[in-house]
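Student:
In the UniProt record's numbering, the protein residues as written are 1 to 158.
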């Protein structure tokens, strides 16, 4: 299992499909996950430090978890089946809840917990983007220019 960090969310053209890009913290593999536009917005707003006037669903879930006296400890991207990614929320006391990666990561960003990806997922869908002198945003733009959703076996939003 590898710890991942959220690089960001971008929109793949011409289909206008949002893509969440994760990168291994201590490695060179990237994990692209096609996600829904609502989740993409929730992730982007949190990364940019924008606080909406009213809590979004992920903010509400964070508040509910705290109000119940629980603590989210980590998020794991656990599986990839027929182009669909799967994740789990790992809570204190060993409680595990199945969730979409996009929702899981939106919640992880709000709670400050680590995101991990199973080796089997990285082996199947991880990509090494050549590490040249450019920054990650430029690499991500080049990556988007070179792939299509079909490259990931018809991946469904995570």
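Using N, Cα and C, we set each Cβ at its ideal position, and we do this for glycine too.
Throw me the rounded Cβ distance for the residue 116 and residue 71 pair, which I believe falls under 8 angstroms.
Tutor: Not a contact, Cβ separation roughly 16 angstroms.
Student: Can we say the region 55–68 touches the region 105–112, given the rule of at least three CB pairs closer than 8 angstroms?
Tutor: Touching, yes, given that three or more Cβ pairs across the two stretches are closer than 8 angstroms.
Student: Contact defined as beta carbons within less than 8 angstroms: I believe residue 43 pairs with residue 80. What is the distance between those atoms, to the nearest angstrom?
Tutor: That belief does not hold up - the Cβ atoms of residue 43 and residue 80 are roughly 19 angstroms apart, past 8 angstroms.
Student: Tell me the rounded alpha-carbon separation between residue 53 and residue 45.
Tutor: Spanning the two alpha carbons is a distance of roughly 12 angstroms.
Student: According to DSSP, is residue 99 part of a helix, a strand, or is it coil?
Tutor: In this structure, residue 99 counts as strand in the three-state DSSP scheme.
Student: Unbroken alpha helix (DSSP H) runs of length 4 or more, entirely within the UniProt domain "BFN" (1–129): which are they?
Tutor: As far as the UniProt domain "BFN" (1–129) is concerned, its whole alpha helix (DSSP H) runs of at least 4 residues are 37–47, 57–67, 101–111 and 119–125.
Student: When you compare the CB positions of residue 85 and residue 129, do they come within less than 8 angstroms of one another, or not?
Tutor: Not in contact: residue 85 and residue 129 (Cβ atoms no closer than 8 angstroms).
Student: May I have the straight-line CA-CA distance separating residue 1 from residue 119, to the nearest angstrom?
Tutor: The straight-line gap from Cα to Cα measures roughly 5 angstroms.
Student: Which same chain residues, not among the five before or five after residue 110, have their C-beta less than 8 angstroms away from its C-beta?
Tutor: Cβ within range, chain order: 46, 58, 59 and 62.
Student: Can you give me the Cβ contacts of residue 23 inside the same chain, cut-off strictly under 7 angstroms, excluding the 5 residues immediately before and after it?
Tutor: The answer, listed in chain order, is 4, 5, 7 and 30.
Student: From residue 134 to residue 69, what does the alpha carbon distance come to, in whole angstroms?
Tutor: Because the pLDDT of residue 134 is 48, which lies under 50, any placement of that residue in the model is unreliable, and the question is left without a value.
Student: Out of 65, 39, 56 and 35, point me to the one whose CA is closest to residue 95's CA.
Tutor: With distances taken between Cα atoms, residue 95 lies closest to 65.
Student: May I have the straight-line CA-CA distance separating residue 55 from residue 122, to the nearest angstrom?
Tutor: About 33 angstroms.
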